[in-house]
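Participant: In this text, residue positions in the sequence shown follow my numbering: the first is 38, and each later residue adds one. No residue lacks a Cβ here, since even glycine has one placed at the ideal position from N, Cα and C.
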Amino acid sequence: MILSNEKQLRILIEIAKSDGELHPDELSLIMRIAEGSGIDQNKVKEFIVNPKPSGKLEALTFDQKFEYLYNIILLMKADKRITFKEIKHCQNIAKKLGFNPSVVSELSAHIYSDPSIAADINMLQNKAKKYLINL
């Protein structure tokens, strides 16, 4: 199963809004991701106004799952204020992706809120693999 860029963006928006607001830093990151995926800003605004809940994610490849996980953690940290609700939402998405929810705290320690600071992706992927569960 391959999810469209729009579906992925909807999930990121869902996570960003999980604390009840969409912080400007979160919106900025979402817009950058949308631009990189070729999604029009008006479409992003539509997704924000009319969110749809995430569907089944467990059929993705490991690389797709990891990219999602990385992006949701980056998004959670974008406003430099992490709420319990955001953490729980990220853990729920991680579980839907087929990971033990503890992967969020493990990877979060190595993912920086500033996306211009590169993380060691290979190291993060190896850590994430240890948290895969058989569904």
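I need the DSSP call for Leu134, collapsed to helix, strand or coil.
Facilitator: In the structure shown, Leu134 sits in a helix (DSSP, three-state: H, G or I).
Participant: Using DSSP with H/G/I as helix, E/B as strand and the rest coil, what is Leu46?
Facilitator: Helix at Leu46.
Participant: Do you know offhand how far His60's Cα is from Lys80's?
Facilitator: If I take the Cα positions, the gap works out to 18 Å.
Participant: Select from Phe99, Ser55 and Ala156 the residue whose C-alpha is nearest the C-alpha of Lys89.
Facilitator: When only C-alpha atoms are compared, the closest one is Ser55.
Participant: Using only the alpha-carbon positions, how far apart do Leu161 and Lys167 sit?
Facilitator: About 10 Å.
Participant: Which of the three DSSP states, helix, strand or coil, is assigned to Leu169?
Facilitator: Three-state DSSP puts Leu169 in a strand.
Participant: Using the C-alpha atoms, what's the distance from Ala53 back to Asp116?
Facilitator: Whole-angstrom Cα-Cα distance: 9 Å.
Participant: So for Ala156, helix, strand or coil by DSSP?
Facilitator: Ala156 falls in the coil class under three-state DSSP.
Participant: With H, G and I counted as helix, E and B as strand and the rest as coil, what does DSSP make of Leu161?
Facilitator: Helix, per DSSP.
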